[in-house]
Amino acid sequence: MAKPKKRFICTDCGSVSSRWQGQCPDCSQWNTLEEDVPDTKFAAKHNLASGGRAITFESLDAPTKPLARRTTGIGEFDRALGGGLVPGAAILMGGEPGIGKSTLLLQAAAKIAQEGGSAVYVSGEEATGQVRMRAARLGLSKAPLKLAAATSVRDILTTLGQDNPPDLLVVDSIQTMHSDMIEGAPGTVSQVRASAFELIRFAKERGTALVLVGHVTKDGNIAGPRVLEHMVDTVMSFEGERSHQYRILRCLKNRFGAVDEIGVFAMEGHGLDEVGNPSSLFLSGREDPIAGAAVFPALEGTRPVLVEIQALIVRLQSGATPRRAVVGWDSGRLAMLLAVLESRCGLSFSTAEVYLNVAGGYRLSDPAADLAVAAALISALADKPLGANAVWFGEVALSGEIRPVAHGNLRQKEAAKLGFGKAFGPADGERHVTSLQYADVGAVSSLVDRVMASA
Numbered sequence: 001m002a003k004p005k006k007r008f009i010c011t012d013c014g015s016v017s018s019r020w021q022g023q024c025p026d027c028s029q030w031n032t033l034e035e036d037v038p039d040t041k042f043a044a045k046h047n048l049a050s051g052g053r054a055i056t057f058e059s060l061d062a063p064t065k066p067l068a069r070r071t072t073g074i075g076e077f078d079r080a081l082g083g084g085l086v087p088g089a090a091i092l093m094g095g096e097p098g099i100g101k102s103t104l105l106l107q108a109a110a111k112i113a114q115e116g117g118s119a120v121y122v123s124g125e126e127a128t129g130q131v132r133m134r135a136a137r138l139g140l141s142k143a144p145l146k147l148a149a150a151t152s153v154r155d156i157l158t159t160l161g162q163d164n165p166p167d168l169l170v171v172d173s174i175q176t177m178h179s180d181m182i183e184g185a186p187g188t189v190s191q192v193r194a195s196a197f198e199l200i201r202f203a204k205e206r207g208t209a210l211v212l213v214g215h216v217t218k219d220g221n222i223a224g225p226r227v228l229e230h231m232v233d234t235v236m237s238f239e240g241e242r243s244h245q246y247r248i249l250r251c252l253k254n255r256f257g258a259v260d261e262i263g264v265f266a267m268e269g270h271g272l273d274e275v276g277n278p279s280s281l282f283l284s285g286r287e288d289p290i291a292g293a294a295v296f297p298a299l300e301g302t303r304p305v306l307v308e309i310q311a312l313i314v315r316l317q318s319g320a321t322p323r324r325a326v327v328g329w330d331s332g333r334l335a336m337l338l339a340v341l342e343s344r345c346g347l348s349f350s351t352a353e354v355y356l357n358v359a360g361g362y363r364l365s366d367p368a369a370d371l372a373v374a375a376a377l378i379s380a381l382a383d384k385p386l387g388a389n390a391v392w393f394g395e396v397a398l399s400g401e402i403r404p405v406a407h408g409n410l411r412q413k414e415a416a417k418l419g420f421g422k423a424f425g426p427a428d429g430e431r432h433v434t435s436l437q438y439a440d441v442g443a444v445s446s447l448v449d450r451v452m453a454s455a
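Letter by letter, the sequence shown follows residues 1 to 455 of the numbering used here.
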């Protein structure tokens, strides 16, 4: 019998190599090749055209039972999920170590158990005593939650099959799970894939909502094979800086709801608290207006969030190369915006250091932030503060025009609700909020005059 050939799969790009290398030859990432042991063997010639079971096709207009979601009792968690847990759904949650993934899921599982549901929490990283200590700190010791410390998928599924299936099954984490049908240590590509497949199949067959906790790499991506994100129904990312109080639960994929929804939490001594008005979390120190600060109404899914963008310009006396430092925004987008301001407005940033920061550690990816960033840069360059009751939004094109953005009405409503009286935006933007004065900004060339007038 021929000896099976070894193959190594890159966990980043999925390319296959016949031997291990320190660097992937396709994506050039280091230490990403892991050995993959095939779980099945097929003959060289195998005909799949016969011998199977005939399947039944259905029409699109066939009657379908509506989804019956189960709320977790944590409103921000349910919002990010699209309204609650769907029976049989598989959810993958990733996040940096210590960000609060286990705390959030323990709170959600305990609340479901307290409300009469059945919840199981399986920890592969901690002993049951450690989980009980966390539950005591969170005030959840009396919750009728089923707790276990196990890493064998066979043991977990055998135990769950002896009783009624739970409403919620939390597995923390999928990288610690092990299947005795596959060779290899826990955490390898084949083990993670096989363990996740068995757990997801159990959830689909028994109607159990499954939550898998996933480790992340140093780049912030979920560790393991990329196919893991395709197998599940929902992919969530728990983000935030450990030095900051807030945490953001972001939905990246959702087969049962909208993507890009967020839930905002604040880490307290007794656990994670919901933040119903996240705008107040990112608007601090606005009593005394300072130069270089502009308020931007960002949009996360269907939720508008007001954040403060801060800019600082430092003139250099020597011929040193000026720095460009950005926190919370795309550095390439800042370079493009500086070029547009120099070309279309005649401003000079070539002899100055530029520092840009999104207050509160918030990360922005919305292109509508261009106008607010440009206003903050001009304000910092002129050393004149912007109006304290104004918000700025709009996309800046390379031609210098301010392009319209989506959901301008939602952004203005959130600004008006928080007491802002003026909004600067595209010339053809929505203006249905009567309590907010809307001012057109047609091109970046007129932005300097607008900034000076708003001071």
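C-beta atoms are modelled at their ideal positions from N, C-alpha and C, and glycine is treated no differently. Remember, it's a predicted structure, so these values are computed and weren't measured experimentally.
Residue i, buried or exposed, once every other Cβ within 10 Å from all chains shown has been counted against 16
| i | result |
| --- | --- |
| residue 240 | buried |
| residue 116 | exposed |
| residue 251 | buried |
| residue 317 | exposed |
| residue 6 | exposed |
| residue 308 | buried |
| residue 428 | exposed |
| residue 93 | buried |
| residue 136 | exposed |
| residue 264 | buried |
| residue 58 | exposed |
Contact test: residue i Cβ vs the ligand NAD heavy atom, cutoff 7 angstroms
| i | result |
| --- | --- |
| residue 140 | The ligand NAD is absent from the structure shown, which contains no ligands of any kind. |
One or two residues paired with residue i in a DSSP bridge
| i | result |
| --- | --- |
| residue 85 | 70 |
| residue 10 | 33 |
| residue 253 | 235 |
| residue 325 | 355 |
| residue 156 | Paired residues: none, contrary to the question. |
| residue 246 | 266 |
| residue 178 | 152 |
Alpha-carbon to alpha-carbon, residue j and residue i
| i | j | result |
| --- | --- | --- |
| residue 404 | residue 341 | 19 angstroms |
| residue 452 | residue 385 | 9 angstroms |
| residue 254 | residue 76 | 16 angstroms |
| residue 335 | residue 432 | 34 angstroms |
| residue 419 | residue 124 | 48 angstroms |
| residue 211 | residue 198 | 13 angstroms |
| residue 246 | residue 13 | 32 angstroms |
| residue 1 | residue 26 | Legend: pLDDT at residue 1 = 46, less than 50; position of this residue unreliable, value from coordinates given subsequently. Going from the Cα of residue 1 to the Cα of residue 26 covers about 33 angstroms. |
| residue 81 | residue 345 | 44 angstroms |
| residue 60 | residue 204 | 21 angstroms |
| residue 437 | residue 303 | 22 angstroms |
| residue 67 | residue 79 | 16 angstroms |
| residue 167 | residue 72 | 11 angstroms |
| residue 407 | residue 391 | 15 angstroms |
| residue 122 | residue 305 | 35 angstroms |
| residue 383 | residue 447 | 15 angstroms |
| residue 296 | residue 63 | 45 angstroms |
| residue 471 | residue 193 | Only positions 1 to 455 of the chain appear in the structure, and residue 471 is not among them; the question remains open. |
| residue 363 | residue 397 | 21 angstroms |
| residue 49 | residue 273 | 56 angstroms |
| residue 333 | residue 171 | 39 angstroms |
Span of the alpha helix (DSSP H) around residue i
| i | result |
| --- | --- |
| residue 409 | 408–417 |
| residue 234 | Per DSSP, residue 234 belongs to no alpha helix (DSSP H); it is in the beta strand (DSSP E), 234–239. |
| residue 61 | Taken as a continuous stretch (DSSP letters only), residue 61 belongs to no alpha helix (DSSP H), as it is neither H nor E. |
| residue 192 | 189–206 |
| residue 107 | 101–114 |
| residue 219 | No alpha helix (DSSP H) holds residue 219; DSSP gives it neither H nor E. |
| residue 123 | First-last for residue 123: 119–123, but that is the beta strand (DSSP E), not the alpha helix (DSSP H). |
| residue 135 | 128–138 |
Beta-carbon spacing of residue i, residue j below 8 angstroms
| i | j | result |
| --- | --- | --- |
| residue 534 | residue 423 | In this structure the chain extends from 1 to 455, so residue 534 is not present and cannot be described. |
| residue 138 | residue 107 | yes |
| residue 426 | residue 400 | no |
| residue 347 | residue 326 | no |
| residue 178 | residue 195 | yes |
| residue 146 | residue 127 | no |
| residue 91 | residue 234 | yes |
| residue 262 | residue 229 | no |
| residue 83 | residue 257 | yes |
| residue 169 | residue 217 | no |
| residue 238 | residue 98 | no |
| residue 372 | residue 294 | yes |
| residue 360 | residue 244 | yes |
Start-to-end residues for the beta strand (DSSP E) that takes in residue i
| i | result |
| --- | --- |
| residue 36 | 33–36 |
| residue 91 | 90–95 |
| residue 299 | 293–300 |
| residue 267 | 262–268 |
| residue 274 | 271–274 |
| residue 440 | 437–440 |
| residue 210 | 209–214 |
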